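Per the working numbering: the sequence shown = residues 2 to 143. Ideal Cβ placement from N, Cα and C applies to all residues, glycine included. Just so it is clear, the structure is predicted and the values come from calculations on it, not from any experiment. Worksheet: the structure to be examined is printed underneath.
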Amino acid sequence: MKDSIELSIKLKASSGWIWNALTDRGELENWWSESVVLEPKVGGAFKEPWIDDEGDKQMASGKVVKLKKEQFITFTWKEKSWPKTATTECTFTIEDNGKERVLSLEHSGWDTLPAEIRTKTIKDFKVGWGYHLKELKSYLDD
């Protein structure tokens, strides 16, 4: 299995609208979750509280490592249940494609996770990202 998740969607929305949907807390709640934070500045916080299958509260967190407004944002991702050395990295990239924009997601760094949880975790995240991108497309294009 490939050690990165790569997904993309085509959007009618402008790069500015897409950027705001990715980085504005009020916009994030419309497609991801009302508690997600992704601060659009280097060193800015990423936080995603969520509930696991057993009903336990979990927290994903990280920091923005690089960005270019309306073009890309890259941030680290760590789960509190992961080993301390396990950190992944997500990049959203916005590209013009004629009358549309292509929003690409790459989530990499899975080799930092222990082998016994890596494959299932990648599969779970791929499903989750697919869901969130579908929600984002529905929010921006409707």
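In the DSSP assignment, find the unbroken alpha helix (DSSP H) run with S139 in it and report its ends.
Indexing the sequence shown from 1 puts residue 139 at position 138. That run of the alpha helix (DSSP H) goes 116-142.
T24: buried (16+ other C-beta within 10 angstroms of its C-beta) or exposed?
For the purposes of this step, residue 24 is taken as residue 23 along the sequence shown, with counting starting at 1. It is buried - the Cβ of T24 has at least 16 other Cβ atoms within 10 Å.
Would you mind reading off the limits of the alpha helix (DSSP H) that contains G17?
Here the question's residue 17 lines up with position 16 in the sequence shown. Here the alpha helix (DSSP H) through G17 covers 16-24.
Since W18 and L137 are thought to touch, with beta carbons under 8 Å apart, how far apart are those beta carbons, to the nearest angstrom?
In the sequence shown, the residue the question calls residue 18 occupies position 17. In the sequence shown, the residue the question calls residue 137 occupies position 136. About 11 Å; that fails the 8 Å criterion.
I'd like to confirm the pairing. Which residues does DSSP put opposite N31 in its beta bridges?
In the sequence shown, the residue the question calls residue 31 occupies position 30. Per DSSP, none; premise fails for N31.
If I measure Cβ to Cβ from N21 and keep anything under 6 Å in the same chain, skipping five residues before and after, which residues do I get?
Here residue 21 refers to the residue found at position 20 of the sequence shown. E28.
If we call anything under 8 Å between Cβ atoms a contact, is E101 one with K11?
As a first step, residue 101 is located in the sequence shown; it is residue number 100 there, counting from the start. As a first step, residue 11 is located in the sequence shown; it is residue number 10 there, counting from the start. Taking 8 Å as the Cβ cut-off, E101 and K11 qualify as a contacting pair.
Using CA coordinates, which residue listed in K127, D143, S16, G44 is at the minimum distance from D4?
By one-based count along the sequence shown, residue 4 stands at place 3. Comparing Cα-Cα distances from D4 to each of K127, D143, S16, G44, the minimum goes to K127.
Excluding sequence positions up to five away, which residues of its chain have a Cβ less than 6 Å from the Cβ of Q59?
In the sequence shown, the residue the question calls residue 59 occupies position 58. Correct list, in chain order: W51, D53.
Quick check on G129: buried or exposed, where buried means 16 or more other Cβ atoms within 10 Å of its Cβ?
Here residue 129 refers to the residue found at position 128 when the sequence shown is read from its first residue. G129 comes out exposed.
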